[in-house]
Amino acid sequence: MQVIDAANWNIKNYIANVGNNPHNAWPGKDGSGRSVVLTANWHDNTATLIDGGTKSGLRTSAVGAAPAHVQGTPGSNERWFV
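For the sequence shown, the numbering used here gives the first residue as 1073, with consecutive numbering after it.
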């Protein structure tokens, strides 16, 4: 997965081992308040949680066939639907 600088569209970082076709990443917070990003792995059956500070994968979990999108809960950045 690539991390892009939105100011100039340059690649800032690569995150290794983020499933098959990472797609539709959403930022949020984990239970301890740490910044995280959840991405669906569209051509797989998993979603990957990424540490927003270190830009490294935290865990990949099975979520069902071909997860194409992630949606945050309105009014909260601590719960997503895949």
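In this text, a Cβ means the ideal position worked out from N, Cα and C, and glycines have one as well.
Anticipated Cβ contact below 8 Å, residue i with residue j, distance rounded
i, j, result
"valine 1108", "isoleucine 1122", "6 Å"
"asparagine 1113", "proline 1094", "6 Å"
"serine 1133", "alanine 1119", "6 Å"
Beta strand (DSSP E) segment containing residue i, residue limits
i, result
"asparagine 1085", "1083 to 1086"
"valine 1090", "Per DSSP, valine 1090 belongs to no beta strand (DSSP E) and is neither H nor E."
Contacts around residue i, its chain only, beta-carbon distance under 7 Å, and the 5 residues preceding and following it disregarded
i, result
"glutamine 1074", "Ile1083 and Tyr1086"
"asparagine 1089", "Gly1129"
"arginine 1131", "Leu1121"
Same chain, Cβ closer than 8 Å to residue i, five either side skipped, listed in chain order
i, result
"isoleucine 1228", "Residue 1228 cannot be examined here, being either before or after the span of the chain that is shown, 1073 to 1154."
"asparagine 1117", "Ala1134, Val1135, Gly1136, Ala1137, Ala1138 and Pro1139"
"glycine 1124", "Pro1099, Arg1106, Ser1107, Val1108 and Val1109"
Cβ neighbours of residue i in the same chain (closer than 6 Å, five flanking residues each side left out)
i, result
"glutamine 1143", "Phe1153"
"alanine 1208", "Past the boundaries of the shown model lies residue 1208; the chain is included only from 1073 to 1154, so the question cannot be answered."
What ranges does the beta strand (DSSP E) occupy inside the segment 1100 to 1154, keeping only unbroken runs of at least 3 residues that lie completely in it? 1107 to 1113, 1118 to 1123 and 1128 to 1134
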